[in-house]
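Engineer:
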Amino acid sequence: MNTESGRMDWLMFALVTGLSLFGVIMVYSASAMISLRETQNETQMLYFLKQLVFTVIGLGVMFAASRFDYRRLNNMYVVVGGLVLTVILLLAVFGFPAINGARRWIRFAGFSFQPSELAKITVPIFLAWFFAMNSHRIGDVMKTMVPAVAVTGLIGALIVIEPDLGTTAVIMAVFVLVYFAAGARWLHVGSIVGLGLSFLAIMLFIAPWRIARLIAFMDPCAESQKQGTGYQICQSLMGIGSGGVFGEGFALGQQKLFYLPYPYSDFIFATVGEELGLIGTGMVVIAFGLLLWRGSVAALYAPDRFGMLLGFGIITGIITQALFNISVVISILPAKGIPLPFISYGGTSVVMTLLAVGVLLNIASQRDEDKQIYADDMGRTPVRRTRRRTVSKKVSAR
7 MNTESGRMDW
17 LMFALVTGLS
27 LFGVIMVYSA
37 SAMISLRETQ
47 NETQMLYFLK
57 QLVFTVIGLG
67 VMFAASRFDY
77 RRLNNMYVVV
87 GGLVLTVILL
97 LAVFGFPAIN
107 GARRWIRFAG
117 FSFQPSELAK
127 ITVPIFLAWF
137 FAMNSHRIGD
147 VMKTMVPAVA
157 VTGLIGALIV
167 IEPDLGTTAV
177 IMAVFVLVYF
187 AAGARWLHVG
197 SIVGLGLSFL
207 AIMLFIAPWR
217 IARLIAFMDP
227 CAESQKQGTG
237 YQICQSLMGI
247 GSGGVFGEGF
257 ALGQQKLFYL
267 PYPYSDFIFA
277 TVGEELGLIG
287 TGMVVIAFGL
297 LLWRGSVAAL
307 YAPDRFGMLL
317 GFGIITGIIT
327 QALFNISVVI
337 SILPAKGIPL
347 PFISYGGTSV
357 VMTLLAVGVL
367 LNIASQRDED
377 KQIYADDMGR
387 TPVRRTRRRT
397 VSKKVSAR
């Protein structure tokens, strides 16, 4: 196997950097008036400056991670240590006061940390390590599927009782995709999907507020809903609708003026739609689509099984989260608190997501040269390319 190292995927790097800096700008636009109100007219840059600092830190972390050999993560002590740390931090959140009815943050000395964001990295690392180690018995239910489900289920259970069903759904999607990429049987994958959907349905119907969100989702702007549970979604749809094709103009949106709750975090995509229109939202969706392509290429042409599974796990988590967030904002899915990667306000989310991309960039830089030939051929088989090269060498020798 002929591998190359040190070749940065600059397109992926540019996409992520562009999305992150775009997020800083949109956070400023969406939070300026809220910042003035919270600081008693002292500054309109409270959220902007925080987001800028964390984005710069995150970009530095991403670049550093892109230079760190991802294969060092393929170690039992690293994997188990990461899982133990994640579980401890997820338990620690219950020792802190609830915010808006949820215990998702650890707060200390003016800073906050959200352990569920760490889980979005440690779980893919665990799954990649475990399935790569057990590649010879991936179809063994008791020795492979059950242990993987148990560990992932523990992490998901701790997150769902915070409560945070959205992040749990993202982790479940990562599990299904990585398990499938590892070579699992369709029957086993289907069983996991059915189990996951059943779990989500149970979690949905045992919580009264989730039932209320589901009812509001059916028609958020109905008279019985638009001033209650459906208020946020209705305001989001009004903002996106008023933006039209070209938008109202940067910083000229109205919904962020205390109509739409949290326009700078979970619903920042609505602010993008109102101010930059269909063109702005379309460019964001295209950027995530290109990121999916580059992330998938990095995973497909990774030099080892661990890198392939880890790459798929990372890119699946990022794109699934983006899909969930956008779907909620445009009312394709019921409301759930989940940020838009790189763009929504939140220090932990930005830094951890950029860290994950840094690992993905390193996987891309270690790609298998022979597999890259296949990518460059845009669909030709590796065998045909190899034969052509062999014939060329023979002719040269003659």
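The sequence shown begins at 7 in this note's numbering and counts up by one. A virtual CB, placed ideally from N, CA and C, is assigned to each residue, including glycine.
Give the straight-line distance between the Cα atoms of Ala381 and Gly317, rounded to the nearest whole angstrom.
Structural biologist: Legend: pLDDT at Ala381 = 41, less than 50; position of this residue unreliable, no value from coordinates given.
Engineer: Quick check on this structure: which residue in Ser118, Val99, Leu133 has the alpha carbon closest to the alpha carbon of Asn81?
Structural biologist: Leu133
Engineer: Can the beta-carbon of Val85 be found less than 8 Å from the beta-carbon of Trp135?
Structural biologist: yes
Engineer: State yes or no: is the C-beta of Leu58 within less than 8 Å of the C-beta of Val157?
Structural biologist: The answer is no: Cβ separation not under 8 Å.
Engineer: Is it true that the stretch 90-101 meets the stretch 273-289, where meeting means three or more beta-carbon pairs spaced less than 8 Å apart?
Structural biologist: no
Engineer: Rounded C-beta distance between Leu21 and Ala293? I'm assuming under 8 Å.
Structural biologist: 6 Å
Engineer: If you run the structure through DSSP and keep just helix, strand and coil, what is Ala213?
Structural biologist: Taken through DSSP and simplified to helix, strand or coil, Ala213 comes out as coil.
Engineer: For Ala362, I'd like the list of residues in its chain whose CB is within less than 6 Å of its CB, leaving aside the five on either flank, ordered along the chain.
Structural biologist: Ile127, Ile320
Engineer: Can you look up Ile336 in the DSSP assignment and give me helix, strand or coil?
Structural biologist: coil
Engineer: Who are the near neighbours of Ile2 in its chain, counting only those whose CB is closer than 7 Å to its CB and skipping five residues on each side?
Structural biologist: The chain is shown only over 7 to 404; residue 2 falls outside these bounds and no answer can be derived.
Engineer: Do you know how far the Cα of Phe181 is from the Cα of Glu123?
Structural biologist: 16 Å
Engineer: Quick check on this structure: which residue in Gly323, Val62, Val33, Ile112 has the alpha carbon closest to the alpha carbon of Leu366?
Structural biologist: Gly323
Engineer: With H, G and I counted as helix, E and B as strand and the rest as coil, what does DSSP make of Ser118?
Structural biologist: strand
Engineer: Excluding sequence positions up to five away, which residues of its chain have a Cβ less than 8 Å from the Cβ of Val67?
Structural biologist: Val357, Leu360, Leu361, Gly364
Engineer: Taking 7 Å as the limit between beta carbons, can you name the residues of its chain near Gln241, skipping five residues before and five after?
Structural biologist: Gln261, Tyr265, Leu266
Engineer: Which runs of the alpha helix (DSSP H) at least 4 residues long sit entirely within the stretch 115-200? Give them in chain order.
Structural biologist: 121-139, 152-166, 171-187
Engineer: List the endpoints of the continuous alpha helix (DSSP H) containing Leu346.
Structural biologist: Counting along the chain, Leu346 falls outside any alpha helix (DSSP H), and DSSP gives it neither H nor E.
Engineer: Give me the Cβ distance between Ile349 and Met32, rounded to the nearest whole Å; I'm assuming they're in contact under 8 Å.
Structural biologist: 6 Å
Engineer: Write down every uninterrupted run of the alpha helix (DSSP H) in the stretch 10-49 whose length is 4 residues or greater and which is fully enclosed by it, in chain order.
Structural biologist: 16-44
Engineer: Alpha carbons only, please: which of Gly29, Ser41, Thr61, Thr45 is nearest the one belonging to Thr354?
Structural biologist: Thr61
Engineer: Alpha helix (DSSP H) containing Phe60: first to last residue?
Structural biologist: 52-72
Engineer: Tell me the residue span of the alpha helix (DSSP H) that contains Phe275.
Structural biologist: 274-306
Engineer: Can you round the beta-carbon distance between Ala304 and Arg373 to whole angstroms, since I take them to be within the 8 Å contact cut?
Structural biologist: 7 Å
Engineer: Can you check whether the CB of Ala341 is closer than 8 Å to the CB of Ile212?
Structural biologist: no
Engineer: Whole angstroms are fine: how far does the CA of Leu91 sit from the CA of Leu298?
Structural biologist: 29 Å
Engineer: Could you please give me the residues that DSSP links to Ile94 through a beta bridge?
Structural biologist: According to DSSP, which records beta bridges pairwise, Ile94 is partnered with nothing at all.
Engineer: Looking at Gly145: is its Cβ nearer than 8 Å to the Cβ of Arg191?
Structural biologist: yes
Engineer: Assign Ala370 to one of three DSSP states: helix, strand, or coil.
Structural biologist: helix
Engineer: Just to confirm the assignment, what range does the alpha helix (DSSP H) spanning Ser248 have?
Structural biologist: 237-249
Engineer: CB Ile161 to CB Val129, shorter than 8 Å?
Structural biologist: yes
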